[in-house]
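**Student:** Residue numbers for the sequence shown follow the numbering used here, beginning at 21 and rising by one.
We put the beta carbon where it would ideally sit given N, CA and C, even for glycine.
Predicted model only: the values in this text are computed from it and were never measured.
Questions regarding the structure given below will be posed in turn.
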Amino acid sequence: MPKKTTVSLIKCDVGSLAGHHVVPKPLLDVAEKNLKAMKEEGLINSYYVFNVGDDLQLLMVHEKGESNPEVHKLAWDTFRDAADKALELKLYGAGQDLLKTAFSGNIRGMGPGVAEMEIEERGSDPIVVFAADKTSGGAFNLPIFRIFADPMNTAGLVIDPNMAGGFKFEVLDTIENKSVVLKCPEEMYELIALIGTVQRYMVSRVWRARDDLICAVGSVTRLSQIAGKYVGKDDPVMIIRAQHGLPAVGEILAPFMHSYLVEGWMRGSHWGPIMPVGLKDAKCTLFDGPPRIVALGFQVANGKIASTDDGKPMIADLFDDPAFALARKEALEYASMLRRMGEFEPARLGPEEMEYTTLQQILERLKGRFKPA
Ligand code: F6R
Ligand code: MG
Ligand code: MG
C-alpha cells in the first residue's frame, strides 16, 4: 500500500474580540501550543494556525487518515482550551460553536466545521485551502463550478488532455440528507439546476472523472440540528488540489476576480457580497462583514507541509494581492447597494431562511393580534 497523506482543516468559533469580529492572539496562542505539542509527539507532521474573522482554523497535515479519532480529539481539546481562555478573558461568544460537552471519537456533528482529504502524494502536490466567515457552504457552489466545470474559467478543460474527461461532483441535498454524483461536461445543466439553489444544494466533493482522483473536499455535511442550531449554515472551508492535470492555482483563484452574493452577513440573515482578502484583512466589520474569504496555498511533501529549514510551514496568502482589488471594490459597491434596502427582501433572506433566527419570536408575539382580513 502506498503511503497516504491527509490534509485536515478543522475550524470553530470559540469566542472573539469585540463581538464577532476577530480571534485574538491569546486564543491563537493556545492553538499554537497544543498543535506544537502534538507535532512533537508525532500525531501530526505539520500544522498552521490562522483565523478568518471569528473562526479559529486548524490546518493539520498527517498520515493518520480522515476521521482519525486522535486528530479529531486534538482539534476538540484545542477548541475547548481556547474556549476556556475566551471565557477567562470574557471574550464574546466564548465556546459558541462547541455544541456538545463530551467528545465521542469524531468531531463532525459537534459544532466545528471539518474538511479532510486523504491523498496519495503526486510528484508535487500543490494545495489551496479556502476559508470564509459570515457565510455558508453554498457560497462555494459558484466558484467550484467555475473551477472544475466552466471552460471559460479553466483553460485546462479545453487545452489539457489530462482533464478531457471532466470532473464528477458530489452534491448534498442539505434538507433531505441525501447526495447525488453528477458528471461534467455531460450533466452540466443538471448540476447547475441543483447547485444554483445555494441554500439547499452544496458541493461536498469533486473527483477527476477519468481516474477518480480526489480534487476537492468541502466542510458541508448533511443538515444537522444540534442544540437547536442549523449547523449546515456554518462558515465553510474547502480543500482543493491543483496543477498537473488538475486546474492550475490561477484557475482556482480566477472566479474571485469578481465579487458575488452569498448568504450570511449580519445575523446570518442577509445576502452579502463576498470579499477575497489576505489574512491581515480577514476580520469582519461593516454590518458584521462583508463576508470574507481567504485562500492559502502550500505544497504537501512527504506527509508534511513543505517547510523552511527551521521547520516553519511555507504558506502563500493568495488573496493578499492587488489582483483582487477589483473584487474588493465591487464587494463594497454591492454592499452599499444592498444596505440601502435595509431589512427589505432581497437584501434580507427570504422567510424559510429566517426560520432559524430570532425573527420567529417576534412573529410568535404578534400571533394573537392577527384578525381575519
Ligand atoms: C453572523 C454573526 C453576527 C451576529 C450578530 C448578533 O454570523 O455572527 O452577525 O449574528 O453580531 O450577535 P449576537 O446575537 O451575539 O449579539
Ligand atoms: Mg462568533
Ligand atoms: Mg464565523
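Quick check on residue 144: buried or exposed, where buried means 16 or more other Cβ atoms within 10 Å of its Cβ?
**Tutor:** Exposed: under 16 other Cβ atoms inside 10 Å.
**Student:** Just jot down, in chain order, the residues whose CB lies closer than 7 Å to any heavy atom of ligand 3.
**Tutor:** Chain-ordered list of matching residues: 33, 40, 73, 74, 75, 153, 154 and 255.
**Student:** Check whether the Cβ of residue 124 sits closer than 6 Å to any heavy atom of ligand 2, and report yes or no.
**Tutor:** No, since every heavy atom of ligand 2 falls outside the 6 Å radius drawn around the Cβ of residue 124.
**Student:** Within 10 Å of its beta-carbon, does residue 231 have 16 or more other beta-carbons around it, so buried, or fewer, so exposed?
**Tutor:** Exposed, since its Cβ has fewer than 16 Cβ neighbours within 10 Å.
**Student:** Which residues share a DSSP beta bridge with residue 150?
**Tutor:** According to DSSP, which records beta bridges pairwise, residue 150 is partnered with 258 and 315.
**Student:** Rounded to whole angstroms, what's the CA-CA distance from residue 300 to residue 154? Just pull it up for me.
**Tutor:** Distance between the alpha carbons of residue 300 and residue 154 is about 17 Å.
**Student:** Once you ignore the five residues that flank residue 392 on each side, which residues in its own chain have a CB closer than 8 Å to its CB?
**Tutor:** Here the set comprises nothing.
**Student:** Can you confirm whether the region 51-58 touches the region 114-126 when touching is taken to mean that 3 or more C-beta pairs between the two stretches lie within less than 8 Å?
**Tutor:** Judged by Cβ distances under 8 Å, the region 114-126 makes no contact with the region 51-58, as fewer than three pairs qualify.
**Student:** When you compare each of 139, 196, 350 and 30 to residue 262 by their alpha carbons, which one comes out closest?
**Tutor:** Residue 139 is the option with its Cα nearest to residue 262.
**Student:** Looking only at its chain, what residues have a beta carbon closer than 7 Å to the beta carbon of residue 328, apart from the 5 residues adjacent to it on each side?
**Tutor:** For residue 328, where only same-chain residues beyond five positions count, the Cβ hits under 7 Å are 334.
**Student:** Within the continuous alpha helix (DSSP H) that includes residue 34, where are the two ends?
**Tutor:** First-last for residue 34: undefined, no H or E at that position.
**Student:** Can you tell me the Cα-Cα spacing of residue 345 and residue 277, whole angstroms?
**Tutor:** Those two C-alpha atoms are separated by around 8 Å.
**Student:** Measure the Cβ-Cβ separation of residue 162 and residue 191 and say whether it is below 7 Å.
**Tutor:** Not in contact: residue 162 and residue 191 (Cβ atoms no closer than 7 Å).
**Student:** Could you spell out the range, first to last residue, of the alpha helix (DSSP H) harbouring residue 450?
**Tutor:** Here the chain comprises residues numbered 21 to 393, so residue 450 is not present and cannot be evaluated.
**Student:** Helix, strand or coil: which one does DSSP assign to residue 187?
**Tutor:** Looking at residue 187 - three-state DSSP - the assignment turns out to be strand.
**Student:** Smallest Cα separation from residue 352: which of 183, 180, 280 and 122?
**Tutor:** If we check each option's Cα against that of residue 352, 280 comes out closest.
**Student:** Give me the Cα-Cα distance between residue 10 and residue 292, rounded to the nearest whole angstrom.
**Tutor:** Only positions 21 to 393 of the chain appear in this structure, which leaves residue 10 out of reach.
**Student:** Name the two residues that bound the continuous alpha helix (DSSP H) containing residue 101.
**Tutor:** Segment 89-108, the alpha helix (DSSP H) holding residue 101.
**Student:** Between the region 300-318 and the region 64-84, are three or more C-beta pairs nearer than 8 Å?
**Tutor:** Taking 8 Å as the limit for Cβ pairs, the verdict is that the region 64-84 does touch the region 300-318.
**Student:** In or out: residue 38 buried (at least 16 other Cβ within 10 Å) or exposed?
**Tutor:** Under this definition residue 38 is an exposed residue.
**Student:** Taking the beta strand (DSSP E) that residue 341 falls in, what are its first and last residues?
**Tutor:** Segment: none, residue 341 is in no beta strand (DSSP E) and carries neither H nor E.
**Student:** With DSSP as the reference, please indicate the residues paired to residue 227 in a beta bridge.
**Tutor:** DSSP, once it has assigned bridges, lists 188 and 234 as partnering residue 227.
**Student:** Assuming residue 222 and residue 194 form a contact by the criterion Cβ under 8 Å, report the distance between their Cβ atoms to the nearest whole angstrom.
**Tutor:** Contact holds; Cβ gap of about 6 Å.
**Student:** Could you tell me whether the Cβ of residue 337 comes closer than 7 Å to any Cβ of chain C?
**Tutor:** Considering every chain present, this structure includes no chain C. It has just one protein chain.
**Student:** Beta-carbon within less than 6 Å of residue 149's beta-carbon, same chain only, minus the 5 sequence neighbours each way: which residues are those?
**Tutor:** The residues are 29, 259 and 316.
**Student:** To the nearest angstrom, report how far apart residue 272 and residue 339 are at their CA atoms.
**Tutor:** C-alpha separation (whole angstroms): 12 Å.
**Student:** Going by alpha carbons, who is nearest to residue 364 out of 324, 308, 290 and 389?
**Tutor:** Closest by alpha carbon: 290.
**Student:** What do you get for residue 247, buried or exposed, if any count of 16 or more other CB atoms within 10 angstroms of its CB means buried?
**Tutor:** Because the pLDDT at residue 247 is just 49, under 50, the model does not fix this residue reliably, and the value given afterwards should be weighed accordingly. Answer is exposed; the Cβ neighbour count stays below 16.
**Student:** How big is the Cα-Cα spacing for residue 186 and residue 177?
**Tutor:** The alpha-carbon atoms of residue 186 and residue 177 are separated by roughly 7 Å.
**Student:** Can you determine whether any heavy atom of ligand 1 sits closer than 6 Å to the C-beta of residue 166, and answer yes or no?
**Tutor:** No, since every heavy atom of ligand 1 falls outside the 6 Å radius drawn around the Cβ of residue 166.
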